[in-house]
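> Residue numbers (this note's numbering): 400 to 1091.
(1) Would you say residue 933 and residue 912 are within 8 Å of each other, going by their C-beta atoms?
(2) Rounded to whole angstroms, what's the CA-CA distance from residue 637 to residue 904? Just pull it up for me.
(3) For residue 694, which of helix, strand or coil comes out of DSSP?
(4) What are the boundary residues of the alpha helix (DSSP H) that includes residue 503?
(5) For residue 941, name the three-state secondary structure that DSSP assigns.
(6) Cutting at 6 Å between CB atoms, please list the residues of its own chain near residue 462, excluding the five before and the five after it.
(7) Assess contact between the region 718-729 and the region 697-706, defined as three or more Cβ pairs (one per stretch) separated by less than 8 Å. Is contact present?
(8) Taking the alpha carbon of residue 740 as the reference point, which residue from 818, 546, 688, 533 has its own alpha carbon closest?
(9) Return the residue from the list 805, 890, 629 that minimises the CA-CA distance to residue 989.
(10) Count the C-beta pairs between the region 536-553 and the region 656-667 that are closer than 8 Å, then say yes if the count reaches three, no if not.
(11) Just to confirm the assignment, what range does the beta strand (DSSP E) spanning residue 737 have?
(12) Under a three-way DSSP split, which group does residue 1020 fall into?
(13) Do you know offhand how far residue 783's Cα is from residue 484's?
(14) In or out: residue 672 buried (at least 16 other Cβ within 10 Å) or exposed?
(15) Could you tell me whether the region 1021-1037 touches the region 781-795, where touching means 3 or more Cβ pairs closer than 8 Å?
(16) If you follow the beta strand (DSSP E) that residue 644 is in, where does it begin and where does it stop?
(17) Which term fits residue 504, buried or exposed, when burial requires 16 or more other beta carbons within 10 angstroms of its beta carbon?
(18) Please name the residue, chosen from 987, 939, 991, that lies closest to residue 976 on a Cα-to-Cα basis.
(19) Counting along the chain, where does the beta strand (DSSP E) carrying residue 476 start and finish?
(20) Would residue 1134 and residue 522 be called neighbours here (beta carbons separated by less than 8 Å)?
(21) Short of 7 Å in beta carbon distance, which residues of its chain neighbour residue 526, apart from the five on each side in sequence? Order them along the chain.
(22) Going by DSSP, name the residue or residues bridged to residue 725.
(23) Three-state secondary structure (DSSP) at residue 638?
(24) Quick check on DSSP: helix, strand or coil for residue 822?
(25) What residue range is occupied by the uninterrupted alpha helix (DSSP H) comprising residue 498?
(26) With DSSP as the reference, label residue 561 as helix, strand or coil.
(27) By Cβ distance, which residues of its chain are closer than 6 Å to residue 651, with the 5 residues on each side in sequence left out?
(28) Under 8 Å between the Cβ atoms of residue 1018 and residue 496?
(29) Which residue's Cα is closest to the Cα of residue 965: 836, 985, 942, 471?
(30) Around the Cβ of residue 816, are there at least 16 other Cβ atoms within 10 angstroms (buried) or fewer (exposed)?
(31) Ignore the nearest five residues each way along the sequence and tell me which others in residue 967's own chain have a CB closer than 6 Å to its CB.
(32) Anyone know if the C-beta pair for residue 575 and residue 543 falls short of 8 Å?
(33) Distance check for residue 970 and residue 915, CA to CA, integer angstroms please.
(34) Based on the DSSP secondary-structure assignment, which residues constitute the bridge partners of residue 631?
(35) So, residue 678 versus residue 569, is the Cβ gap smaller than 8 Å?
(36) Using 8 Å for Cβ pairs, my map puts residue 674 next to residue 649. What's the rounded Cβ distance?
Okay, structure coming up:
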């Protein structure tokens, strides 16, 4: 031994540095593998006995001895509490084996998926029809009132094939104004659509309201005037070496009350527009370029929407508020021209469809689906809310029993075991779907509002998403399907901590890119666009276009932007995203090892107490049915007058009323929990928890 030890030291010294590094790495790898195999071997050995695995370090409190020392009343309450907790932590499949009770909540979730999906399909078709109508109407308005507007500007292209729609001199402004006025006064003769003026005039006798909007022969006196609004400053005086700006904001609006003669002159020559506007105090001369910031032309039209091919066979009347803006707020000589529309439903059209078929099949199906969805969601809401209330009451009873009898407090982690977040999510999606369905029904009764459409879409869409996510809970009861849920549950805390650091780094790159590159790149023009560009770069999207859009006018910015993108892509794709994936993979390995090698689960005071209950060989045996019958568990509503108890009693009375309609009781499955073959002495043993 004395000779071998120095020899090994000398052999280590004569190794080269690279050999020593390789040897150290091999030793480290071997040690890591040995620890992993040791952990798995311990888990495998412990898995042979489930009770020994759960108590390999010994229970923190000897609950059995403490319960033996209690009086009969406290011991009976403790045994009922333990059985109640054991039943509470069972999954629906185990509860079905014990009580043979139909899983109403599971059935409701499956039915909700079917009918909510059908409801969303019908709603999406209806909404798309209206959105397409509004977008098509907006497109027609642009082609009708904007001079030289072409189809290329209607297409969504990135980067856009053409620049912003603009004019660059006063003559161009008047040419556009001439085009707008001519189009407005020839609306009903030149348009291949049911557009008309928003006109309502009261006759002298005032016995009826005439609405000549949808008649092509409307006279000129009935056409409403165009409204023009100008945003400007008070005055500007510029001399050779001095200037004086009175920057008081002035907002003026007037009606462009053109006569029939003026309209005819405007139709023939552009100068007539300048004369008509100058007569009313509005000019667009070169000296006005620093005074006028914005000019808007506003008018209202009406149209009828009728689309029998989409299933909507009832004509609907809409009012179109059109606003054409000449934006000179930058005072650079480039005046941006834009058109916006607000389309709203108006209930001023009276008429009938001569050859009709009554209610369409889609309307009937939509109404029936809405009613079924409301009933399913309300039922699901009541059942899940009842389960949450019972869990809250059980938590309070457990806290009181542990404090009074075991002289210890349940930790926050143990208390959170009673809060079923799946039920919270189901209650949330039920509320979202109910509110969304009610707003959707209001739309079907012609209470049209684009904001209501948007609200209904958001509520129904988010509710449907949560419905589908909630069904994952039932996949989690099977070891072959719950790997996704367990991996996410294990990795979420580490992911949130990692994201906190990554977001700080991301915001730093975001602000720097927006401030430095923003003026020279269309993709970094605003803070929101900068964030979208960086997020796209993280996913490897449109990299070359990002390099290309940085302008060459400033060489320093071009070089900085190129280096900036290289660093950001290298940092977030190769480092941040790789670490993010590594966190998820680490959680996956932990979950897989736990199931493959039987590694010990996390322990808690509450779980230790539940594990002291006698084990059952078969859950569907008469013994198990007797132990977990309602009369063998705690009466959560006894001795309390809280709001939770009153709500629980109300829900139970509603459930009893529903059961009475079926001619049964909610305790029908437990009227005779034991078979006639079991003798009475054994019954008394079954109903009392075995004690060591």
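Beta carbons: idealized from backbone N, C-alpha and C, even for Gly.
Just so it is clear, the structure is predicted and the values come from calculations on it, not from any experiment.
In brief:
(1) For residue 933 and residue 912, yes; Cβs fall inside 8 Å.
(2) Taking the straight line from one Cα to the other gives about 49 Å.
(3) Correct three-state label for residue 694: strand.
(4) Looking at the DSSP string, the run of the alpha helix (DSSP H) that includes residue 503 is 503-544.
(5) Residue state, collapsed to three classes: coil.
(6) Same-chain partners within the cutoff: 1008, 1011.
(7) Between the region 718-729 and the region 697-706 there are three or more inter-stretch CB-CB distances shorter than 8 Å, so the stretches are counted as touching.
(8) The shortest C-alpha separation from residue 740 is found at 533.
(9) Between residue 989 and the set 805, 890, 629, the nearest pair of CA atoms involves 890.
(10) No, the region 536-553 does not touch the region 656-667.
(11) Counting along the chain, the beta strand (DSSP E) containing residue 737 begins and ends at 734-744.
(12) The answer is coil: DSSP assigns residue 1020 none of H, G, I, E or B.
(13) Rounded to the nearest angstrom, the two C-alpha atoms are 18 Å apart.
(14) Taking every protein chain shown into account, the CB of residue 672 has 16 or more other CB atoms within 10 angstroms, so this residue is buried.
(15) Using a Cβ-Cβ distance cut-off of 8 Å, the region 1021-1037 and the region 781-795 are in contact, since at least three pairs of beta carbons, one from each stretch, lie closer than that value.
(16) Counting along the chain, residue 644 sits inside the beta strand (DSSP E) bounded by residues 642-655.
(17) Residue environment: residue 504 is assigned as buried (16 or more neighbouring CB atoms within 10 Å of its CB, all protein chains considered).
(18) Closest by C-alpha distance to residue 976, out of 987, 939, 991, is 939.
(19) For residue 476, no beta strand (DSSP E) run applies; the uninterrupted alpha helix (DSSP H) run containing it begins and ends at 471-487, by DSSP.
(20) It is not possible to answer for residue 1134, since the shown part of the chain is limited to 400 through 1091.
(21) These residues qualify, in order along the chain: 852, 856.
(22) According to DSSP, which records beta bridges pairwise, residue 725 is partnered with 694, 736.
(23) DSSP places residue 638 in coil when its eight states are reduced to three.
(24) In the structure shown, residue 822 falls within a helical segment according to DSSP collapsed to helix, strand and coil.
(25) Counting along the chain, the alpha helix (DSSP H) containing residue 498 begins and ends at 491-498.
(26) Correct three-state label for residue 561: coil.
(27) 629.
(28) Yes. Within cutoff.
(29) Per the Cα distances, 942.
(30) By the neighbour-count criterion, in which 16 or more other beta carbons inside 10 Å mark a residue as buried, residue 816 falls on the buried side.
(31) 908.
(32) Against a cut-off of 8 Å, the Cβ pair of residue 543 and residue 575 comes out as no contact.
(33) Each residue's alpha carbon lies about 19 Å from the other.
(34) When beta bridges are read from the DSSP output, residue 631 appears opposite 649, 691.
(35) For the pair residue 678 and residue 569, the CB atoms are not nearer than the 8 Å cut-off.
(36) The pair is not a contact, with the Cβ atoms about 23 Å apart (cut-off 8 Å).
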